[in-house]
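Asks: Structure incoming, see below.
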Amino acid sequence: MASDKQNDAKLSSTDENKEKSSDGGLGLEILQIIKESQQQHGLRHGDYQRYRGYCSRRLRRLRKTLGFRMGNRHKFIGKKITVEMLSDSRYLLLVLMEAERAWSYAMQLKQEANTEPRKRFHLLARLRKAAKHSEKLEKLCESPRVDAKTKLEAQAYTAYLTGMVEFELQEWKLAMEAFNKCKTIYEKLASAFTEELAVLYRQRVDEISPNIRYCAYNIGDQNAINDLMQMRLTGGGGGMMAEKLEALITQARTKQAATMSEVEWRGRTVPVKIDKARIFLLGLADNEAAIAQTANEETKEHLYETLLAECRDTIQAVREELKSEAKQRERGSDSDSNKVSNLQFLHSYLTYIKLCTLVKRNESMAHTLQAKLKEPEADESKRGPRPQDLIRLYDIILQSLAELSTLQGLEDDHTFQKEVSLKTLVYKANRCFFIAQSYVLVKKWSEALVLYERVLKYAKEVQSKTKSLNNSLKDLPDVQELIAEVNAEKYSLQAAAILDTDETAEVPSQQQVKDNTPLCNRLETFRLEPALVGKQPNLVQFPPDFQPIPCKPLFFDLALNHVAFPPLDDKVEQKGKGGLTGYIKGIFGFGS
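Heads up: the sequence shown runs through residues 1 to 592, numbered per our numbering.
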C-alpha cells in the first residue's frame with residue numbers, strides 16, 4: 001500500500017509537469033503509465049488478480065484526491081466525467097484505470113476458463129466493459145484541452161481493446177481492422193518521439209503483429225501460417241497467442257493426417273492407424289527443422305520440451321492400443337506370438353524418436369555449458385558451470401543409448417546395434433574427458449593423465465570402427481577435435497605437474513608432512529600450523545606418558561639369626577625367695 005501511494009505521488013508530479021504541453025493542453029502518457037503499472041504490480045509474473053487489486057486501490061485514491069466520490073457509505077450515486085470537468089489530467093487517468101481494471105479481470109478469467117468454460121461468458125462481458133471505458137476516454141480526449149499526442153494514444157488504446165473483444169468473438173475481419181489501426185498509430189508515434197518512448201511503442205507493435213497474422217490466416221490468407229511459424233521460432237506470440245498458435249499448428253496437421261497411412265523405418269513399412277501418431281509423425285520433420293533453425297538457446301529448449309511432450313503422449317496412445325491387442329492375442333491363437341507386430345514396431349520407432357531427441361537435447365545443453373566453461377568468470381560470487389555438470393549430462397546420454405540397444409524388434413539388427421555401440425564410445429570419451437578435467441581442478445595429475453589416455457583409446461577405437469561402417473552415421477560427433485584437445489591438455493597437465501612439484505620442493509618437508517608431535521617437543525623447529533591458533537591446539541601431550549623413577553628402599557634384618565647374645569642369667573631374679581608373703585604380693589601385683 002505504501003509503495004502504491006509513492007508511485008501515485010510520483011505519477012501525480014509527472015502528470016503535473018505534463019499537464020501543459022507545447023500546445024498548452026493536458027497530457028497523459030497512456031502507454032507508459034499502463035506498462036509501468038503492469039510491470040510493477042503483478043504482470044511480470046502473469047498475476048492479473050494482483051494487478052486488478054492495484055487498479056481498484058488506485059481508483060479509490062484518485063477519487064478521494066479529486067473529490068469525485070460516488071455517494072457515501074450508505075448510498076451509491078453514479079457520476080460521469082464530462083469534458084467541462086477536465087481541469088486536471090488525473091480525470092483522464094481515472095477513466096484509464098477503470099478500463100485497466102476491467103481488462104485485467106478479463107485476463108484473469110481467461111486463465112481460469114481453461115478449467116471452467118462457463119467463465120468465458122463473464123470474460124467477454126469484462127472485455128466489452130474495458131472497451132466501453134476506453135471509448136469514453138477517447139471521447140474525453142477529443143476536447144481541445146487535451147494535446148494531440150494524448151488523443152492519438154487514446155485512439156490506439158481504444159483500437160487495441162476493441163480488437164481484443166473481436167478476437168475473442170472470432171470476428172477476424174473486424175479484429176484485424178482494429179489491430180491494424182492500433183499498429184499504424186503506434187508506428188507513427190514511434191517515429192515522432194524520443195527513443196525511450198519509441199521503444200515502448202515498438203514493443204506494443206510486436207505484441208499486436210501475431211494477432212494480425214492469425215486473423216489474416218483465419219480470413220483465408222494461407223501465407224500467414226509461414227509468418228506465424230517463424231514467430232514461433234523467434235519466441236514471439238506469447239501470452240494469448242501461444243495457445244492459439246499451437247492449436248492452429250495441430251489443426252493444420254490434422255488435415256494432413258488423413259493422407260498419411262504408413263511409415264517406413266529400418267527397412268520395414270508399418271501402417272499407422274492411430275490419429276495421434278499420424279499427427280505427431282507429420283509434424284516431426286517441421287519440429288526438427290525449427291530446432292535446427294533456432295539460434296536462441298531458450299527457444300530451442302522450449303521446442304525440445306514441446307517435441308518430447310508430444311512424443312510421450314503419442315507413445316502413451318500406442319501403449320493403450322498395445323494393451324487391447326495383447327488381450328485379443330490371449331483370446332485367439334498364439335501362433336505368431338514370437339513375431340513383433342506392426343503396433344509393437346511402431347512403439348519401438350516412437351521410443352527411438354524420444355530417446356534420440358533426449359540425446360540431442362542433452363548434447364545441445366552440453367555444448368552450451370562447454371562454451372560457458374571456457375569463458376572467464378565475470379562474477380566470482382556467482383557459481384559458474386563445472387565439469388561435474390557436463391559429466392551428469394553425458395551420463396543421461398549414455399543411459400538413453402543403453403535403452404536404445406534394447407528396443408523390441410531391433411535385437412537382430414546388427415547394423416543398428418553397431419551404430420548405437422559406436423555412439424556410446426563417442427559419448428564415453430567425452431564423459432571421460434570431463435572427468436579428467438574435474439581431477440585437474442583438484443590437482444590430481446596422475447589420475448587425470450590416466451583418464452586422458454582412456455579418452456584417446458576410446459577415440460581411436462571410434463575412428464577404426466567408423467571406417468568399417470563406411471561413414472553411414474551423419475550425426476556422429478567428430479572425435480578428431482576431441483583428440484587434438486586431449487593432446488593439448490596432456491602437455492598442459494605435464495607442465496602443471498612439474499611446476500607443482502617444484503613449488504612443493506622449495507618448502508621444507510616438515511611443513512608439508514602432517515606431524516602430531518606436540519609443540520613442547522619441537523620448539524627448535526619452525527612450522528606454519530594454523531591449528532595452533534584454533535580451538536584445539538596441540539601444545540603438550542595429555543595425559544603424559546609414564547616414566548621410571550627410583551623407589552624407596554626396603555630393609556630386611558638377615559644377620560639376626562647369626563648373632564650370639566651374651567648371657568643375662570645373673571641379672572634375672574630368682575623365683576621362690578619371697579615365701580608366702582612374696583607369693584601373695586606376686587598374685588596381687590605388689591611385688592614388682
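Note that beta-carbon positions come from the ideal geometry of N, C-alpha and C, so glycine has one too.
#1: Checking 8 Å against the spacing of the C-beta atoms, do M85 and G78 come in under that value?
#2: Suppose only complete runs of 4+ residues qualify. What are the alpha helix (DSSP H) ranges in the stretch 413-469, listed by chain order?
#3: Which residues does DSSP pair with T269 in a beta bridge?
#4: Going along the chain, which residues of its own chain have a beta-carbon closer than 7 Å to the beta-carbon of K110, five neighbours each way excluded?
#5: For A318, collect the residues of the same chain with a Cβ closer than 7 Å to its Cβ; drop the 5 residues on either side in sequence, then sort them by chain order.
#6: Less than 8 Å between the C-beta atoms of Y48 and M107, yes or no?
#7: Alpha carbon to alpha carbon, what distance is there between L284 and S593?
#8: Would you report the Cα separation of Q203 and Q39, rounded to the nearest angstrom?
#9: Less than 8 Å separating the beta-carbons of L451 and C432?
#10: With the cut-off set at 8 Å, would you say L43 and L200 are in Cβ contact?
#11: By how many angstroms is the C-alpha of A148 removed from the C-alpha of E29?
#12: Let me know the secondary structure DSSP gives K10 once reduced to three states.
#13: Can the beta-carbon of K457 be found closer than 8 Å to that of L422?
#14: What would DSSP say about L558, mapped onto helix, strand or coil?
#15: Count the other CB atoms within 10 Å of the CB of V572; is the residue buried (16 or more) or exposed (fewer)?
#16: Within a Cβ cutoff of 8 Å, which residues of the same chain sit near D500, ignoring the five residues on either side of it in sequence?
#17: So Y427 packs on I397, CB below 8 Å; how close in whole Å?
#18: To the nearest angstrom, report how far apart Y304 and T194 are at their CA atoms.
#19: If you count every other CB in all the chains shown that lies within 10 Å of the CB of H74, and 16 or more means buried, which is it?
#20: Measuring only the C-alpha atoms, how far is T517 from A484?
#21: Output the distance between the C-alpha atoms of W601 and L393, rounded to the nearest integer angstrom.
#22: Consult DSSP for L26 and reduce its assignment to one of helix, strand or coil.
#23: Short check: CB of I185 to CB of A156, under 8 Å?
#24: Exposed or buried, which one is E142 when buried takes at least 16 other CB atoms within 10 Å?
Replies: Reading from the atomic positions:
#1: no
#2: Runs of the alpha helix (DSSP H) inside the stretch 413-469: 414-441, 445-468.
#3: E264
#4: By the criterion of a C-beta distance shorter than 7 Å, K110 is surrounded in its chain by L123, once the five residues flanking it on both sides are discounted.
#5: One point to set straight first is that residue 318 is Val, not Ala, in the sequence displayed. Annotation for V318: I274, A277, L343, L346, H347, L350 place their beta carbon closer than 7 Å to its own, counting only its chain and skipping 5 residues before and after.
#6: The answer is yes: Cβ separation under 8 Å.
#7: No answer is possible for residue 593: it lies beyond the span of the chain, which begins at 1 and ends at 592.
#8: 14 Å
#9: Yes.
#10: no
#11: 12 Å
#12: With a pLDDT of 49 at K10, under the threshold of 50, the modelled position of this residue cannot be trusted, and the question is left open.
#13: no
#14: Reduced to three states, the DSSP call for L558 is coil.
#15: exposed
#16: K443, W445
#17: 5 Å
#18: Going by C-alpha positions, Y304 is about 40 Å away from T194.
#19: With fewer than 16 other Cβ atoms within 10 Å, it is exposed.
#20: One alpha carbon belongs to T517, the other to A484, and they sit about 49 Å apart.
#21: As displayed, the chain neither begins before 1 nor continues past 592, which places residue 601 out of reach and without an answer.
#22: strand
#23: Yes.
#24: exposed
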